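Chemist: Numbering (mature numbering (1 follows the signal peptide of the UniProt record, and there is no 0)), first residue to last: -33 to -1, 1 to 224.
Ideal placement from N, C-alpha and C gives every residue a C-beta, glycine not left out.
Treat the numbers as computed from the prediction; the structure is a model and nothing was measured.
Just passing along the structure, written as structure tokens.
Here it is as structure tokens:
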């Protein structure tokens, strides 16, 4: 794959960013040790009371960990991720809800937000493997679907429902496409199409087609409301063709109760 295509795919998927791509090739031992206790404690995390927004501490218990998605790795969003996401915008005002959801930003005015990145199962090189084999294993990881998982908590079910409604409207208004802008980089999305997905109390899903220097790419955006919490997922692949992250969505919705 050309370097320019990789860069544009990463820019277009700012919700995951280059930091996630580096993690896909192998995270540090420090971050793995930090995540492990959370994974062990997560299975019994109580859901937030119906109709009431979860606190920051409650969201931390409800968000996915490694234990919830066997074979995948869950990491926290880094300051670099957040800085990149903050600078992302759309060329059309009506597409802002879509771009916010793609860029680690919960819609509306959330009382609390928690962000995670879910890396796909990665083929690992055998002990003593050559540098070439290690590189192939790393590229294999990048060809999988990488997913961001953003939980936003709202004051009540109505406020959370308004976030879903805004996304539905934005998807319809921007069906013919838009341009995502990140600094001097611009990526053209040529189509936003509704996708099938049923989850939680209500959900919305889109398949987004993008132009990667003449090559067609596909990403997926999903948002699910469970009570006063909205879980937003954005999925991409450096190979250009991502899959809808249904397994990740199902695991997160199950954990929300």
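With distances taken between CB atoms, is the gap from residue 202 to residue 209 smaller than 9 Å?
Modeler: Their beta carbons are under 9 Å apart, which means residue 202 touches residue 209 by this criterion.
Chemist: Can you tell me where the beta strand (DSSP E) holding residue 86 begins and where it ends?
Modeler: Note, residue 86: beta strand (DSSP E), 79 to 86.
Chemist: Can you find the residues in the same chain that come closer than 6 Å, C-beta to C-beta, to residue 213, ignoring five residues on each side of it along the sequence?
Modeler: Excluding residues within five positions, none has a Cβ falling inside 6 Å.
Chemist: So is residue 99 buried or exposed if we call it buried at 16+ other beta carbons inside 10 Å?
Modeler: When all chains shown are included, residue 99 counts as exposed.
Chemist: Residue 124: which of 169, 80, 81 and 94 sits nearest, CA to CA?
Modeler: When only C-alpha atoms are compared, the closest one is 169.
Chemist: Run through DSSP, which three-state label would residue 30 get?
Modeler: Coil at residue 30, not helix or strand.
Chemist: Since residue 176 and residue 157 are thought to touch, with beta carbons under 8 Å apart, how far apart are those beta carbons, to the nearest angstrom?
Modeler: Yes, they are in contact, since the Cβ atoms of residue 176 and residue 157 sit about 5 Å apart, within 8 Å.
Chemist: If I measure Cβ to Cβ from residue 130 and keep anything under 6 Å in the same chain, skipping five residues before and after, which residues do I get?
Modeler: So the qualifying residues of the chain are 74, 75 and 197.
Chemist: Report yes if the C-beta distance between residue 116 and residue 199 is below 9 Å; otherwise report no.
Modeler: Contact: yes.
Chemist: Would residue 218 and residue 35 be called neighbours here (beta carbons separated by less than 9 Å)?
Modeler: Yes, these two residues count as a Cβ contact at 9 Å.
Chemist: Mind pulling the beta strand (DSSP E) runs of 3 or more residues that sit fully within the stretch 108 to 173?
Modeler: The stretch 108 to 173 contains these whole beta strand (DSSP E) runs: 113 to 120, 145 to 149 and 152 to 161.
Chemist: Touching or not, the stretch 151 to 167 and the stretch 40 to 47, by the rule of three or more beta carbon pairs under 8 Å?
Modeler: Output reads no: the stretch 40 to 47 does not touch the stretch 151 to 167.
Chemist: Find out if the Cβ-Cβ distance for the pair residue 77, residue 22 is shorter than 9 Å.
Modeler: No, Cβ-Cβ distance for residue 77 and residue 22 is not below 9 Å.
Chemist: Answer with buried or exposed for residue 88, where buried requires no fewer than 16 other C-beta atoms within 10 angstroms of its C-beta.
Modeler: With fewer than 16 Cβ atoms within 10 Å of its Cβ, residue 88 is classed as exposed.
Chemist: Is residue 58 buried or exposed, if buried means 16 or more other CB atoms sit within 10 Å of its CB?
Modeler: Exposed, because fewer than 16 other Cβ atoms sit within 10 Å of the Cβ of residue 58.
Chemist: Please identify the residue among 30, 25, 40 and 193 whose C-alpha is closest to the C-alpha of residue 126.
Modeler: For residue 126, the nearest C-alpha among the options comes from 193.
Chemist: By DSSP, does residue 42 sit in helix, in strand, or in coil?
Modeler: Three-state DSSP puts residue 42 in a strand.
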